[in-house]
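S.K.: Residue numbers (UniProt numbering): 1 to 404. In this text, a Cβ means the ideal position worked out from N, Cα and C, and glycines have one as well. Have a look at this one.
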């Protein structure tokens, strides 16, 4: 039998369907576009429909992730300077994770091992340290939903962190059962890039190298002053690919994202997760703190505020007017310029036929007669995208004002 799952165009790669199938009829693979997709073994499928039940793309189940309560944005940071320094922004995740472990709980988050990102569970601080900082690569989540359910049913407190699609998939996997020992934290997600650029980059610099970090905060966070800087590690020798590399270009441009990310349907101001975290771009009240990093914390469950305080964090209420203009992805999941971009439509062919340097020139729009027209096309389409994104924010403010 063939199970009812969404097409690859709408699949988020959450892999909840892999965990849902107890007969082993669903596995996953990385297809030629460099993205994760489920793979079905037809002769093992009995048509039970468990995979369909957890697929957020079927029957508009993504809508269940939207909360109809009132969410509140906050600015904040960890009071642990070392933990904050090693985090992407203000260190809120690390502080919460350390607190949960200190009371005997578990944490699920993303770690990077041998150039693969995975969601793993732990009750050890050393493993939580590996979960710090941003990883611009889609994680392998196969097995993590069942593991989370097992931890919860044993009565342990669990902090589950992931992209909105992972948290939405978790709720569907738990079959709407409420666990008082579950804390869910998603982040402001810009979408997952293909694995093709990172593989091409590693092969160019050193095929034996492993990714050390994607983002550099050595010189401070500084409100958009950090660097998307890929660093590789080979035999304890750090290879700095700099900020001008193919993997960085692919992520920052969004031009290799999976199609579901170019039209993300989980971008809500109010969500079923307990909190949403990310960089607080545009924050102006705490100028003296910007070098160390400031987190944007959107609280969807009021009780989470006291938990953040217990985790030794500073937190102060902000406003949508302050955070949304610099973080439109919170409510606007569309990247209108990507879906029809030649870079995305012909991505597989481009990576198959071109060298690393040629791809860098193409994605950075280095000047030649072809790329001048391409760069102009990109500029126009991005301007159109930004215009509509601003319209979404204006509409949100009007709707919010009417509710008040």
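So is residue 344 buried or exposed if we call it buried at 16+ other beta carbons inside 10 Å?
M.R.: Reading the chain shown from its first residue, position 344 is the one you call residue 344. The residue in question, residue 344, is buried, as its Cβ has 16 or more Cβ neighbours within 10 Å.
S.K.: Do residue 166 and residue 201 have their C-beta atoms closer together than 8 angstroms?
M.R.: Here residue 166 refers to the residue found at position 166 when the chain shown is read from its first residue. Here residue 201 refers to the residue found at position 201 when the chain shown is read from its first residue. No, Cβ-Cβ distance for residue 166 and residue 201 is not below 8 angstroms.
S.K.: Express the C-alpha separation of residue 19 and residue 328 in angstroms, rounding to a whole number.
M.R.: The count along the chain shown starts at 1 and reaches residue 328 at position 328. The count along the chain shown starts at 1 and reaches residue 19 at position 19. In a straight line, the C-alpha of residue 328 is about 32 angstroms away from that of residue 19.
S.K.: When you compare each of 296, 298 and 269 to residue 395 by their alpha carbons, which one comes out closest?
M.R.: Against the chain shown, residue 395 aligns to sequence position 395. Out of 296, 298 and 269, 269 has the C-alpha closest to the C-alpha of residue 395.
S.K.: Could you round the C-beta distance between residue 72 and residue 299 to whole angstroms and report it? I think they count as a contact, below 8 angstroms.
M.R.: Against the chain shown, residue 72 aligns to sequence position 72. Against the chain shown, residue 299 aligns to sequence position 299. Right, the Cβ-Cβ distance comes to about 5 angstroms (below 8 angstroms), so this counts as a contact.
S.K.: In chain order, what residues of the same chain have a beta carbon less than 7 angstroms from the beta carbon of residue 145, not counting five sequence neighbours either side?
M.R.: By 1-based counting over the chain shown, the position of residue 145 is 145. Once the five neighbours on either side are set aside, the close Cβ partners of residue 145 are 16, 19, 169, 170 and 173.
S.K.: Find out if the Cβ-Cβ distance for the pair residue 277, residue 378 is shorter than 8 angstroms.
M.R.: Counted from its first residue, the chain shown places residue 277 at position 277. Counted from its first residue, the chain shown places residue 378 at position 378. No; because the gap between Cβ atoms is not below 8 angstroms, this pair is not in contact.
S.K.: Report yes if the C-beta distance between residue 212 and residue 195 is below 8 angstroms; otherwise report no.
M.R.: One-based indexing of the chain shown puts residue 212 at position 212. One-based indexing of the chain shown puts residue 195 at position 195. Going by C-beta atoms, residue 212 is not nearer than 8 angstroms to residue 195.
S.K.: Nearest-angstrom Cα distance between residue 13 and residue 120?
M.R.: Taking the first residue of the chain shown as 1, we reach residue 13 at position 13. Taking the first residue of the chain shown as 1, we reach residue 120 at position 120. Looking at the two C-alpha atoms, the distance is approximately 16 angstroms.
S.K.: Looking only at C-alpha atoms, which of 158, 108, 349 and 127 sits nearest to residue 143?
M.R.: Here residue 143 is taken as the residue at index 143 of the chain shown, counted from 1. Nearest of 158, 108, 349 and 127 to residue 143, Cα basis: 108.
S.K.: What did DSSP end up calling residue 136 once you bin it into helix, strand or coil?
M.R.: If you number the chain shown from 1, residue 136 lands on position 136. Reduced to three states, the DSSP call for residue 136 is coil.
S.K.: Which whole-angstrom value is the C-beta distance of residue 55 and residue 23, which I expect to be below 8 angstroms?
M.R.: Your numbering for residue 55 matches position 55 in the chain shown. Your numbering for residue 23 matches position 23 in the chain shown. In fact, because the Cβ distance is near 17 angstroms, the residues do not count as touching under 8 angstroms.
S.K.: May I have the straight-line CA-CA distance separating residue 314 from residue 43, to the nearest angstrom?
M.R.: Locating residue 314 in the chain shown gives position 314, where the first residue counts as 1. Locating residue 43 in the chain shown gives position 43, where the first residue counts as 1. Going from the Cα of residue 314 to the Cα of residue 43 covers about 55 angstroms.
S.K.: Taking all protein chains shown into account, decide if residue 35 is buried (16 or more other Cβ within 10 angstroms of its Cβ) or exposed.
M.R.: The sequence position of residue 35 within the chain shown is 35, counting from 1. Result: buried.
S.K.: Give the list of continuous alpha helix (DSSP H) stretches no shorter than 4 residues that lie fully inside the segment 218-273.
M.R.: Segments of the alpha helix (DSSP H) lying fully in the segment 218-273: 246-253 and 259-262.
S.K.: Might you give, ordered along the chain, the residues of its own chain that have their beta carbon closer than 6 angstroms to the beta carbon of residue 59, omitting 5 neighbours on each side?
M.R.: Sequence index remark: in the chain shown, residue 59 carries index 59 (1-based). Hits under 6 angstroms: none found.
S.K.: Where do the N-terminal and C-terminal ends of the alpha helix (DSSP H) with residue 83 fall, by residue?
M.R.: The residue labelled residue 83 in the question sits at position 83 within the chain shown. It spans 81-85 - the alpha helix (DSSP H) in which residue 83 sits, taken as one unbroken run.
S.K.: Report buried or exposed for residue 280, applying the criterion of at least 16 other Cβ atoms within 10 angstroms of its Cβ.
M.R.: What you label residue 280 is simply residue 280 of the chain shown in a count that begins at 1. Burial call: buried.
S.K.: Report buried or exposed for residue 217, applying the criterion of at least 16 other Cβ atoms within 10 angstroms of its Cβ.
M.R.: Here residue 217 refers to the residue found at position 217 of the chain shown. By the neighbour-count rule (16 or more Cβ atoms within 10 Å), residue 217 is buried.
S.K.: Is the shortest distance between the beta-carbon of residue 114 and the beta-carbons of chain B less than 8 angstroms?
M.R.: Within the model displayed, chain B is absent; a lone protein chain is all it includes.
S.K.: With a 10 Å radius around its C-beta and 16 neighbouring C-beta atoms as the bar for buried, classify residue 138 as buried or exposed.
M.R.: Position 138 of the chain shown, counted from the start, is the residue given in the question as residue 138. The residue in question, residue 138, is buried, as its Cβ has 16 or more Cβ neighbours within 10 Å.
S.K.: Which of the three DSSP states is assigned to residue 216 in this structure?
M.R.: Locating residue 216 in the chain shown gives position 216, counting from the first residue. Three-state result, residue 216: strand.
S.K.: Mapping DSSP to helix, strand and coil, what is residue 151?
M.R.: One-based indexing of the chain shown puts residue 151 at position 151. Correct three-state label for residue 151: helix.
S.K.: Please list the segments of the beta strand (DSSP E) lying wholly inside the segment 61-106, counting only runs of 3 or more residues, in order along the chain.
M.R.: Fully enclosed beta strand (DSSP E) runs of 3 or longer: 72-78.
S.K.: Do residue 91 and residue 78 have their CB atoms nearer than 8 angstroms?
M.R.: Here the question's residue 91 lines up with position 91 in the chain shown. Here the question's residue 78 lines up with position 78 in the chain shown. Their beta carbons are under 8 angstroms apart, which means residue 91 touches residue 78 by this criterion.
S.K.: With C-beta atoms as the reference, is residue 127 less than 8 angstroms away from residue 311?
M.R.: Translated into positions along the chain shown, residue 127 becomes position 127. Translated into positions along the chain shown, residue 311 becomes position 311. No. Outside cutoff.
S.K.: Mind reading off the beta-carbon distance from residue 181 to residue 158? Whole number of angstroms is fine, and I expect it under 8 angstroms.
M.R.: Looking up residue 181 in the chain shown gives position 181. Looking up residue 158 in the chain shown gives position 158. Confirmed, about 6 angstroms.
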